[in-house]
Amino acid sequence: MPRQDAGVAAHVFVVPGTLDALHCDDVIVSTDQRGPAGVRRRWWRTLGWDSAVPERQRIVPLDDERRYLRLDPHGRPGDGPSRWLLHVGALAGGDVEWLRDGMRQVLRAVGDSGERPTGRPRRIALPVIGVGGGGHGRQRGAVIRGLLEEAQKGPDGLDVVIVAASRSDYSALQAQRRAMGLPPLPGRQDGLASRLAERARSGDLALFMGAGTGVAAGLPTWRGLLSAVARRMDVPGGVDALMRLNPLDAAEVLRRLAGAPASGGGRRPAGKSLGEHVVDALGNPTRYALGHVLLAALGVEQVVTTNFDDLYEKAVKAVNGRDVPLVLPGADARTTLTQGRSWLVKMHGDARRPHDIVLDRRSFVRYDATQRPLASVLQATLMTKHLLVVGASMTDDNVIRLVHEVASLNEDHGARTTMGTLLMLERDDLTARLWHPEFESVAVGPAAPPEESDDQRQRRLTAAGRDLEILLDRVAVLASRESAHLLDRRYADLLDDPAERELAEALARLEGQVRKVAGTTRRTSEWQEVLDALHRWGAHEGP
1 MPRQDAGVAA
11 HVFVVPGTLD
21 ALHCDDVIVS
31 TDQRGPAGVR
41 RRWWRTLGWD
51 SAVPERQRIV
61 PLDDERRYLR
71 LDPHGRPGDG
81 PSRWLLHVGA
91 LAGGDVEWLR
101 DGMRQVLRAV
111 GDSGERPTGR
121 PRRIALPVIG
131 VGGGGHGRQR
141 GAVIRGLLEE
151 AQKGPDGLDV
161 VIVAASRSDY
171 SALQAQRRAM
181 GLPPLPGRQD
191 GLASRLAERA
201 RSGDLALFMG
211 AGTGVAAGLP
221 TWRGLLSAVA
231 RRMDVPGGVD
241 ALMRLNPLDA
251 AEVLRRLAGA
261 PASGGGRRPA
271 GKSLGEHVVD
281 ALGNPTRYAL
291 GHVLLAALGV
301 EQVVTTNFDD
311 LYEKAVKAVN
321 GRDVPLVLPG
331 ADARTTLTQG
341 RSWLVKMHGD
351 ARRPHDIVLD
361 RRSFVRYDAT
371 QRPLASVLQA
381 TLMTKHLLVV
391 GASMTDDNVI
401 RLVHEVASLN
411 EDHGARTTMG
421 TLLMLERDDL
431 TARLWHPEFE
441 SVAVGPAAPP
451 EESDDQRQRR
461 LTAAGRDLEI
471 LLDRVAVLAS
481 RESAHLLDRR
491 YADLLDDPAE
501 RELAEALARL
511 EGQVRKVAGT
521 TRRTSEWQEV
531 LDALHRWGAH
541 EGP
């Protein structure tokens, strides 16, 4: 079978969160020598199992010669990833090299299976394996070092996404990646990644997401969404003629058609609003893209989007376990904006409230009159934060107007200020000039050639999308400065310098002494702050 993109160098991504909702091609979970029968309940959801699935009771013996099992040798029904099991059941404190050998086996097997997706390497996701039932829980540092090294040496044409379920695993993985050295990025991207990471750490970064962020999860672009809605209706002149219109005018035609009686042979259910047709066209995607969780990992507190889906919200909840407060058209924005520091403004509405969706010309014309306070949130963000724009072409009429109003205000006061960074998939000098100096435009891919087929364009943009994910991964690894693992003895193998290990052990031992004093002194609150700091760095009770 041909190995598309086999020559593309592998990349290792690290994200926080859970395996079960990440969009990928393959997923690996742990088991023991019994194969499916040895999978722990925590992985059932990732594999699509419940207590009644006969597959989970099947025994397929695994041994040192063959440590892995593919559950879907003929492909998995539906849109889920292909599922792999890896035998990691060793005795507590066993040899980590044995675990690494299993990693080598399964990565080779995945690399040899199946065709590559168009335009990018195959993508496999896995947890920090072997630290639960695998018996290596007290050797997490050695496991993480080995996991990163084996993933980096994996087959070309295979990207690996390591998903960290805990803060300490995530901080340890990112710290180890920095210690191992990060490969250079093309052009000026290294400096850009460092600047964006510093802004994220300092709280100076805000985020604006467009429809492009959802494409890797199977969602359409703005024009793709209009085309999908149009195919559900009886459009005079046909869909192709409609799509030659300005997108706002095309959406306005669809709004006027929505609710009108279908002509003979029409397939559209009668009586639905444009927003309801939009929701039907979007479907119910459950797996967020890698880009969603990389952005969620930055911990940005102020986020604005024109998207209707909830995949970013799902990614945020997977990262920190909390729902992100939403600000929506037609809702009480003040309560959400004042109840906490973090929020997500969905400027054009939410799929769960189809009648409030903003898509057509009339709703855009009425936006300033009906949603001006909501629009002002974006303008306040432009004036107080550095806005990172991802997945947006910056052709939205509302956004253009709001940005120009802020730019005019700045110019009236004698300032021409750069308000953010615009990340683009392809080089476009005219767009870059259009938004200078308001935005620094950075293209991760080359300009579109004069002529190319649809397949060539798809391959080129998919490859550029992966380059964008690699850039966001670099921002995430540099922005991650938590030290939740530093004093945790389970990660001691990551400290190569004996002096570092000795110091970490001494500080870890202080935890018990501080805890004892904090419980008996009249200065409890002061010592509690010291105890809290030690806990943030990973010190805890016990050996």
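The opening position of the sequence shown corresponds to residue 1 in the UniProt record's numbering, with each subsequent residue numbered one higher. C-beta: ideal position from N, C-alpha, C; glycine also.
Could you pull the DSSP bridge partners for residue i from this structure?
i: ALA164; result: PRO16
i: LEU423; result: VAL442
i: VAL303; result: LEU207, LEU344
i: HIS87; result: THR31
i: ASP79; result: None; ASP79 has no bridge partner.
i: LEU326; result: LEU344
i: ASP159; result: ARG123
i: residue 555; result: Residue 555 is absent from the model: the chain starts at 1 and stops at 543.
With a Cβ-Cβ cutoff of 8 Å, do residue i and residue j count as a contact?
i: ARG83; j: ASP72; result: yes
i: LEU147; j: VAL128; result: yes
i: ALA21; j: GLY210; result: no
i: PRO36; j: LEU107; result: no
i: ALA289; j: THR213; result: yes
i: GLY157; j: GLY111; result: yes
i: SER30; j: GLY114; result: no
i: LEU359; j: ALA251; result: yes
i: ALA476; j: GLY538; result: no
i: ASP32; j: GLY80; result: no
i: ALA315; j: HIS348; result: no
i: ALA258; j: SER273; result: yes
i: residue 550; j: PHE364; result: Missing from the structure shown is residue 550; the chain here goes from 1 to 543 and no further.
i: LEU225; j: VAL304; result: no
i: GLN487; j: ALA504; result: Position check: residue 487 holds Leu in this sequence, whereas Gln was assumed. Contact: yes.
i: LEU192; j: ALA230; result: no
i: LEU387; j: GLY420; result: yes
i: ARG138; j: ARG372; result: no
i: ARG223; j: PRO247; result: yes
i: GLN176; j: ILE144; result: yes
i: ALA200; j: LEU298; result: yes
i: ALA179; j: ASP493; result: no
i: ARG122; j: ASP25; result: yes
i: ARG474; j: LEU185; result: yes
i: PRO325; j: TRP343; result: yes
i: GLY414; j: ILE357; result: no
Grab the span of the beta strand (DSSP E) containing residue i for me, first residue to last.
i: ILE28; result: 26-31
i: LEU388; result: 386-390
i: LEU69; result: 68-70
i: TRP44; result: That residue, TRP44, is in no beta strand (DSSP E); its alpha helix (DSSP H) goes 44-47.
i: ILE124; result: 122-127
Quick one: residues in its chain with C-beta nearer than 7 Å to the C-beta of residue i, no 5 flanking neighbours on either side, listed in chain order?
i: LYS385; result: ASP204, LEU205, ALA206, GLN302
i: ALA165; result: THR18, PRO127
i: THR395; result: none
i: VAL403; result: LEU382, GLU438
i: ASP309; result: GLY214, LEU219, LEU282, PRO285, ALA351
i: SER263; result: Here the model assigns SER263 a pLDDT of 42, short of 50, so the residue's position is not dependable, and the following value carries that caveat. The answer, listed in chain order, is ASP234.
i: SER171; result: SER480, GLU482, SER483, ALA484, HIS485
Excluding the 5 residues preceding and the 5 following residue i in the sequence, name in chain order all residues of the same chain whose CB lies nearer than 8 Å to its CB.
i: ARG120; result: ASP5, VAL8, ASP159, THR462, ALA463, GLY465, ARG466
i: HIS535; result: GLU511
i: THR118; result: GLN4, ASP455, GLN458, ARG459, THR462
i: ARG42; result: GLY132
i: ASP50; result: TRP44
i: ASP249; result: ARG361
i: ARG427; result: ALA443, GLY445, PRO446, ALA447
i: LEU531; result: GLU511, VAL514, ARG515, ALA518
i: LYS317; result: ASP323, VAL324
Would you call residue i buried or exposed, if buried means 16 or more other Cβ atoms sit within 10 Å of its Cβ?
i: GLU502; result: exposed
i: ASP63; result: exposed
i: LYS346; result: buried
i: LEU434; result: exposed
i: residue 546; result: Since the first and last residues shown for the chain are 1 and 543, residue 546 lies out of range.
i: ALA407; result: buried
i: ILE28; result: buried
i: HIS87; result: buried
i: ARG58; result: exposed
Spatial neighbours of residue i within its chain, please: CB distance less than 6 Å, with the 5 preceding and 5 following residues excluded, ordered by chain position.
i: LEU47; result: ARG83
i: VAL399; result: none
i: HIS11; result: ASP159, ILE470
Assuming residue i is part of the alpha helix (DSSP H), what are its boundary residues?
i: LEU344; result: It is not in any alpha helix (DSSP H) - LEU344 instead sits in the beta strand (DSSP E) that spans 343-346.
i: ALA206; result: Unbroken run through ALA206 is the beta strand (DSSP E), 205-209; no alpha helix (DSSP H).
i: SER51; result: No alpha helix (DSSP H) contains SER51, which DSSP labels as neither H nor E.
i: ARG515; result: 498-518
i: ASN410; result: 397-412
i: ILE470; result: 454-479
i: residue 630; result: Only positions 1 to 543 of the chain appear in the structure, and residue 630 is not among them; the question remains open.
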